[in-house]
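Residue numbers (my numbering), protein chains in the order written: chain F, 37 to 148; chain R, 212 to 325.
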């Protein structure tokens, strides 16, 4: 059984740029959630994807967008990067309606 | 963003001691989860609680779902050095669109002195 993987592991961008983060869900899991974790904070829910559609969203602006593909992998896109977007971005996969989420190691984004 | 009240913020204990941490919320949850996160890793699920009053153990870990559904605690007995990490509580809410999302605490950082 393959766990949740994320790429890249680290990324440095400058303000105003765009970034795409990738996530491969655990085998058999068709629901993917994305979280932003700032230093010293708990994860903040960004959105969730199920069957290639957004299935719930937290308090994040529209410049945070996502995609889910038929193989259940997912992308998180952030446009017009701001300094406060610097954080660890976590992807978690689960079965629909099941609370148990399995997390990837995260992508650490630094915006300069 | 919304976060749960988790305490203590940090703990420094001797190996062999017991540890207790808790989480409170102004909202009712139908599920409470406890995760552990180590540096450079994503959170790992420790215990899931699904019913008010439920007491569940996982080895040296014990967690309870408060009867008001607004709180939960996690106990670690006989701590060992590998217990070091940040422990997070998370409550699951269901929004008007029947979408589930997790609301997280700020974490309890645990250090164990061998």
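Each residue gets a CB set at the ideal place from its N, CA and C atoms; glycine is no exception.
In chain R, which residues lie less than 7 Å from residue 140(F) when you measure between Cβ atoms?
The answer, in chain order, is 253.
When burial is assigned at 16 or more other CB atoms within 10 Å of the CB, is residue 65(F) buried or exposed?
The Cβ neighbour count for residue 65(F), taken over all protein chains shown within 10 Å, is at least 16; the residue is labelled buried.
Checking the sheet assignment: what are the DSSP bridge partners for residue 316(R)?
Paired residues: 215(R).
Along the region 308-322 of chain R, what residues have a CB closer than 8 Å to any CB found in chain F?
Against chain F - using a Cβ distance shorter than 8 Å - the residues of the region 308-322 of chain R are 308, 310, 311, 312, 313, 314, 315, 316, 317, 318.
Flag this pair as yes or no: are the beta carbons of residue 84(F) and residue 56(F) separated by less than 8 Å?
Residue 84(F) is not a Cβ neighbour of residue 56(F), given a cutoff of 8 Å.
Check whether residue 286(R) and residue 323(R) have beta carbons under 8 Å apart
No Cβ-Cβ contact shorter than 8 Å links residue 286(R) with residue 323(R).
is_contact[residue 66(F), chain R] using C-beta, thresh 8 Å:
Not one chain R Cβ lies under 8 Å of residue 66(F).
Can you find a C-beta in chain R that's less than 8 Å from the C-beta of residue 102(F)?
With 8 Å as the cut-off, residue 102(F) does not count as an interface residue toward chain R.
Anyone know if the C-beta pair for residue 256(R) and residue 244(R) falls short of 8 Å?
Yes, these two residues count as a Cβ contact at 8 Å.
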